[in-house]
Amino acid sequence: SSPLHFKGIFPESWYSFDPIEQRSPKMFPFLVAAMTIVLSQLIFWTFAHFYQHGYLSPQTKSGSGGGRQTPPVVQLKEVPAERRKKLEKETCPPALLFGFLASFLVTLWTCRILPDPYYSLEGTIDFPKVFLCLVLEDLFQYTMHRLEHCASPYFFRLTHKYHHLFENPTLFDSFHGSILDAIDTVCIPVTATVLLVRDCNFWTYLCFAILGVNLFVMIHSYYVWPWDRLFRRLGFGTPADHHVHHKYCKCNYGNFFAWWDHLAGTYRNPNEFRGFNKNV
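If you're matching positions, the sequence shown starts at 1346 in the numbering used here and goes up one per residue.
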């Protein structure tokens, strides 16, 4: 194998796991996965910072005021900073949500809730299975998300109301919500997905997790991404689609894809609404 292969870098005792002879998997692969997800987020947020502040756009001519041209916003009406700070105080602190989700992932790993192949570092990324996991997770998330909105007003207030305080969300608002909301729209869909797609290895599972986290954050962007038009043609989720959901609630429940909304008749195009940038 290559000198950069994990077998040439780390002792086998750090990651090997025999599901028949050993009761508990090693924590080293889990820590590698956690650090990789954090690194992917650091890369994404760095890109988002430079993009949203215009550093990746051509510099405007001096005659038009100079400076950098920032990308177009999804919604035309800006939320005052004081209003946003007040809303943030009404939601569960992001640090508490991170702690809860980290505990959930540790439990999945250490209690062997994941199917045995997920603990294997043999093989490479199976991209068709990554795609299948994303599609199924989004289907389960669509179902739970719609249930939060439609089961009863009490259930909505109990679970999902806090995330919807932000009608014009930003990337930071991805992490504002409640623990019950996280159970409904993260824990249940992820668990159902891994129990259905039982033959993924560690690397496939990690790729699924990285894409899922970054796509979820991406759809909360205050600004339009350069690839949004292509994503909408392919039926992938965009910030504009998700902003419509935040503002009008009873539509656009999908996160990664708009396919389930189209099939169920719950999709609404952002161009139908006032206050949204057209054709973005």
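C-beta atoms are modelled at their ideal positions from N, C-alpha and C, and glycine is treated no differently.
- Query: So, histidine 1591 versus phenylalanine 1476, is the Cβ gap smaller than 8 angstroms?
  - Reply: In the sequence shown, residue 1591 corresponds to position 246, counting from 1. In the sequence shown, residue 1476 corresponds to position 131, counting from 1. No, Cβ-Cβ distance for histidine 1591 and phenylalanine 1476 is not below 8 angstroms.
- Task: Quick one: grab the DSSP three-state call for glycine 1353.
- Result: As a first step, residue 1353 is located in the sequence shown; it is residue number 8 there, counting from the start. Reduced to three states, the DSSP call for glycine 1353 is helix.
- Query: Can you name, in chain order, every residue of its own chain whose Cβ lies under 8 angstroms from the Cβ of phenylalanine 1355, other than the five neighbours on each side?
  - Reply: Position 10 of the sequence shown, counting from 1, holds the residue named residue 1355. Once the five neighbours on either side are set aside, the close Cβ partners of phenylalanine 1355 are Phe1373.
- Apart from the five residues on each side of it in sequence, which residues of its chain come closer than 7 angstroms, Cβ to Cβ, to glutamine 1420? For the purposes of this step, residue 1420 is taken as residue 75 along the sequence shown, with counting starting at 1. For glutamine 1420, where only same-chain residues beyond five positions count, the Cβ hits under 7 angstroms are Asn1513, His1588, Gly1620, Phe1621.
- Item | Assigned exposure category for asparagine 1369 - 16 Cβ within 10 Å defines buried | Numbered from its first residue, the sequence shown carries residue 1369 at position 24. The sequence given here places serine at residue 1369; asparagine does not occur at that position. Answer is exposed; the Cβ neighbour count stays below 16.
- Message: Quick test of your reading: leucine 1446 and alanine 1527, contact by CB under 8 angstroms. State the CB separation rounded to the nearest angstrom.
- Response: Taking the first residue of the sequence shown as 1, we reach residue 1446 at position 101. Taking the first residue of the sequence shown as 1, we reach residue 1527 at position 182. Between the beta-carbon of leucine 1446 and that of alanine 1527 there is about 6 angstroms, and that keeps the pair under the 8 angstroms contact cut.
- Item | Residues near alanine 1378 by beta carbon distance below 6 angstroms, same chain, minus five either side | For the purposes of this step, residue 1378 is taken as residue 33 along the sequence shown, with counting starting at 1. Excluding sequence neighbours, alanine 1378 sits near Leu1551.
- May I have the straight-line CA-CA distance separating leucine 1466 from glutamate 1435, to the nearest angstrom? Locating residue 1466 in the sequence shown gives position 121, counting from the first residue. Locating residue 1435 in the sequence shown gives position 90, counting from the first residue. Distance between the alpha carbons of leucine 1466 and glutamate 1435 is about 42 angstroms.
- For leucine 1503, collect the residues of the same chain with a Cβ closer than 7 angstroms to its Cβ; drop the 5 residues on either side in sequence, then sort them by chain order. As a position in the sequence shown, residue 1503 is number 158, starting the count at 1. Excluding sequence neighbours, leucine 1503 sits near Leu1525.
- What are the partner residues of cysteine 1437, as DSSP defines its beta bridges? Residue numbering aside, residue 1437 sits at position 92 when the sequence shown is read from its first letter. DSSP output for cysteine 1437 lists Gly1522 as bridge partner(s).
- Do lysine 1474 and valine 1383 have their C-beta atoms closer together than 8 angstroms? By one-based count along the sequence shown, residue 1474 stands at place 129. By one-based count along the sequence shown, residue 1383 stands at place 38. It is not a contact, given that the beta carbons lie outside the stated cut-off.
- Roughly how far, in whole angstroms, is the beta-carbon of valine 1569 from the beta-carbon of proline 1584, given that I think they are within contact range, below 8 angstroms? As a position in the sequence shown, residue 1569 is number 224, starting the count at 1. As a position in the sequence shown, residue 1584 is number 239, starting the count at 1. Rounded, the Cβ-Cβ distance is 7 angstroms, consistent with contact.
- Coarse secondary structure for serine 1407, derived from DSSP in three states: For the purposes of this step, residue 1407 is taken as residue 62 along the sequence shown, with counting starting at 1. Its pLDDT being 45, under 50, serine 1407 is placed unreliably by the model, and the measurement read from it follows with that caveat. Here serine 1407 sits in helix by DSSP.
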